[in-house]
Each structure stands twice: as C-alpha cells, then as structure tokens.
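First the structure, in the form of structure tokens, and then the observations on it.
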Amino acid sequence: MASGVKPRVKVPKTASAGDTITIKSLISHKMESGQRKDKEGNLIPRSIINRFVVDFNGQNVIDVALEPAISTNPYFQFDATVHEAGEFTFTWYDDDGDVYETSKSIAMA
Amino acid sequence: MELNRRKLLAVGMAALGATGLGALPAFASLTDDEIAKFTGGAEAAAGDLKIGAPEIAENGNTVPIDVTAPGAVAVALFADGNPVPNVATFKFGPLNPSRAASTRIRLAKTQNVVAVAQMEDGTFQMASAEVKVTIGGCGG
C-alpha cells in the first residue's frame, strides 16, 4: 500500500433534477513516473494510479486511463447530470493492486 | 542563418499550424504511432474538439489542461515531447453531458499537447496546443 493516499472529492450537497453539476476530485499520490533516477543512478520503479472511475447509481460518468504523465496528486474536474438523488462512487486503481474508494451522496433540492 | 522570404514564409506557416489553425504540425513518429493505435488508422479531422492549455508553463510538473469534446465517447491526450507520449484516455459515460474534463499533466519540455476524440458516429477529431515549458517535469 502506498503511504498517505487520501482521496478528496467535492460534490454539491443538493441539486435540482436535470441539473448539471461540476465535480472535482483529487487523490494524494506520488505518481512515480518510472523515469526518475535516485542518487545512485538507479531507476525508481513506476508506481502510479492507472485508472479512475466515477459512477452515479451504477451508471458511468467518466472512466479515465492514467499514464505516468499525469501529475503528482492526480486532479480531475468534470460535469455530471443528475436526474435523481443518489450516490456518486469514486474509485482509483493503483499499480500495486490497491483500490481506493470514496462516495458522496447528493439530495434533490 | 540567412533569412530570406521563403524561409520566413515557412516559419510563419509552422507557427500558424502550431496555434491550431488548419493544418496540424508534424509530430514525432512515436506519437503518430500511439495516435494510430487509438484511431485504428482512421483519419482525424479538425472539429468541435477543443484543448485548453497555458501558452507558457513555468513548471512542467503540473500543467493544467482541459479538453472539451461535444459528442465524443472517448478522448485521448498525447504529449509529443515526453518520453512516453500517452498522457490519459477519458471515456465519457451517459451521465456526462458536456464531455469535458480537466486535469494536470507533466511535460518534459516545450512541445505540443494533442487531443484525439472518438465521436459517437465512430469518426475521429484532433486538436493540438503548443505549451512552452520553462522547467521540465520528468525528473532526471
């Protein structure tokens, strides 16, 4: 398990049916690219988050394949349409097999 | 170097291409290969696909990039001057209305960031933006 991985997402608490909302997500992760070398000149092995998926009530919103060129602490901002109250689930997949999950619920105003 | 009218014109055309007006500039072949893998060899035309990037990025470790691709099902980002040109592939689900996303990427040096979008009808669109990088972001 990579140390200090902490997902953070920002979703509005309420929305009207049919609204388009903006979601921001960030996860603290060093995203070691596999290109850098340590003091002895040895290559530091790649260790990144390679996939990020957001679903709402089981329907997909966005599915991102990440490469080493994504910055440290991967940040994503995107839109979603909500027709009903429910729960957004956010899932990050690490190279080392770890899966980080968080969820946020949204209510109808 | 001596600058005659012909060379000046060539430079001007290259600059026009780099700003995304009409013709796209020539890319490194590695990037071409990766784009071909994504499109399956299909032609990518210019369209509504837009890529937003800063003209000058002081720190290549975190360069904010956004893509807007109305009607796209997937968008792939490439950086033609990075050791590995692939940056990210976004797949948009049915609940994503704007088909837009933004993120932060690493750029090793001054280069073009290329977005290729797969549209709902199976065609492909392409857009690029040049980013001047002051300090590269790939370690070393």
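Taken in sequence, the protein lines are chains A and B. Reading the first sequence from the start, the letters are residues 131 to 239 in our numbering. Reading the second sequence from the start, the letters are residues -14 to 125 in our numbering. Just so it is clear, CB atoms sit at the ideal spot from N, CA and C, and this is done for glycine as well. Note that the structure is a prediction, hence the values are computed from the model and not measured.
Please report the distance separating the alpha-carbon of residue 194 (chain A) from that of residue 83 (chain B). Within the first sequence, the letter at position 64 stands for residue 194 (chain A). Within the second sequence, the letter at position 98 stands for residue 83 (chain B). Whole-angstrom Cα-Cα distance: 16 Å.
Between residue 3 (chain B) and residue 182 (chain A), what straight-line distance do the alpha-carbon atoms span, to the nearest angstrom? On the second sequence, residue 3 (chain B) is found 18 positions in, with the first residue counted as 1. On the first sequence, residue 182 (chain A) is found 52 positions in, with the first residue counted as 1. At residue 3 (chain B) the pLDDT is 48, less than 50, meaning the model places this residue with poor confidence and gives no usable figure here.
By DSSP, does residue 92 (chain B) sit in helix, in strand, or in coil? In the second sequence, counting from the first residue as 1, residue 92 (chain B) sits at position 107. In this structure, residue 92 (chain B) counts as coil in the three-state DSSP scheme.
Beta carbons nearer than 7 Å to chain A: which residues of the stretch 75 to 88 of chain B have them? Within the stretch 75 to 88 of chain B, the qualifying residues are 75, 76, 77, 78, 79, 80, 81, 82, 83, 85, 86, 87 and 88.
What does residue 69 (chain B) reach in chain A if we use C-beta pairs closer than 7 Å? Looking up residue 69 (chain B) in the second sequence gives position 84. Within chain A, the residues near residue 69 (chain B) are 197, 198 and 199.
Determine, using beta carbons only, whether residue 190 (chain A) comes closer than 7 Å to chain B. On the first sequence, residue 190 (chain A) is found 60 positions in, with the first residue counted as 1. Yes, contact with chain B.
Flag this pair as yes or no: are the beta carbons of residue 114 (chain B) and residue 98 (chain B) separated by less than 7 Å? The residue labelled residue 114 (chain B) in the question sits at position 129 within the second sequence. The residue labelled residue 98 (chain B) in the question sits at position 113 within the second sequence. In contact: residue 114 (chain B) and residue 98 (chain B) (Cβ atoms closer than 7 Å).
By the 10 Å Cβ neighbour count, where 16 or more other Cβ atoms means buried, how is residue 238 (chain A) classified, buried or exposed? If you number the first sequence from 1, residue 238 (chain A) lands on position 108. Residue environment: residue 238 (chain A) is assigned as exposed (fewer than 16 neighbouring CB atoms within 10 Å of its CB, all protein chains considered).
Please report how far the alpha carbon of residue 240 (chain A) lies from the alpha carbon of residue 176 (chain A), in whole angstroms. In the structure displayed, chain A extends from 131 to 239; residue 240 (chain A) sits before or after that span and is not available.
Is it right to say residue 116 (chain B) is buried, meaning 16 or more other beta carbons lie within 10 angstroms of its own, or is it exposed? Here residue 116 (chain B) refers to the residue found at position 131 of the second sequence. Buried, because 16 or more other Cβ atoms sit within 10 Å of the Cβ of residue 116 (chain B).
Taking residue 93 (chain B) as the reference, which of A:198, A:145 and A:160 has the closest Cα? As a position in the second sequence, residue 93 (chain B) is number 108, starting the count at 1. For residue 93 (chain B), the nearest C-alpha among the options comes from A:198.
Which residues in chain B sit within 7 Å of residue 146 (chain A), going by Cβ to Cβ distance? For this step, residue 146 (chain A) is matched to residue 16 along the first sequence. Within chain B, no residue comes near residue 146 (chain A); the closest Cβ sits about 14 Å away, beyond 7 Å.
Which value, in whole angstroms, describes the spacing of the CA atoms of residue 145 (chain A) and residue 169 (chain A)? By 1-based counting over the first sequence, the position of residue 145 (chain A) is 15. By 1-based counting over the first sequence, the position of residue 169 (chain A) is 39. Taking the straight line from one Cα to the other gives about 51 Å.
Return the residue from the list B:57, B:61 and B:96 that minimises the CA-CA distance to residue 41 (chain B). Within the second sequence, the letter at position 56 stands for residue 41 (chain B). With distances taken between Cα atoms, residue 41 (chain B) lies closest to B:96.
When you compare only the Cα positions, how much space is there between residue 56 (chain B) and residue 208 (chain A)? Indexing the second sequence from 1 puts residue 56 (chain B) at position 71. Indexing the first sequence from 1 puts residue 208 (chain A) at position 78. C-alpha separation (whole angstroms): 15 Å.
Just to confirm the assignment, what range does the alpha helix (DSSP H) spanning residue 16 (chain B) have? If you number the second sequence from 1, residue 16 (chain B) lands on position 31. Here the alpha helix (DSSP H) through residue 16 (chain B) covers 14 to 24.
Determine whether the Cβ of residue 90 (chain B) lies closer than 7 Å to any Cβ atom of chain A. As a working mapping, residue 90 (chain B) is identified with position 105 in the second sequence. Closer than 7 Å to some Cβ of chain A, the Cβ of residue 90 (chain B) qualifies, so yes.
Measure the C-alpha to C-alpha separation of residue 76 (chain B) and residue 236 (chain A) and round it to an integer number of angstroms. Walking along the second sequence from the start, residue 76 (chain B) turns up at place 91. Walking along the first sequence from the start, residue 236 (chain A) turns up at place 106. The C-alpha of residue 236 (chain A) is placed about 23 Å away from the C-alpha of residue 76 (chain B).
Residue 121 (chain B) and residue 45 (chain B) closer than 7 Å at C-beta: Counting from 1 along the second sequence, the entry for residue 121 (chain B) is found at position 136. Counting from 1 along the second sequence, the entry for residue 45 (chain B) is found at position 60. A contact, by the Cβ cut-off of 7 Å.
Contact list for residue 47 (chain B) against chain D, beta-carbon separation under 9 Å: In the structure shown, chain D does not exist; the protein chains are A and B.
Outcome for residue 30 (chain B) when other beta-carbon atoms lying within 10 angstroms are tallied against a minimum of 16: Here residue 30 (chain B) refers to the residue found at position 45 when the second sequence is read from its first residue. Residue 30 (chain B) comes out exposed.
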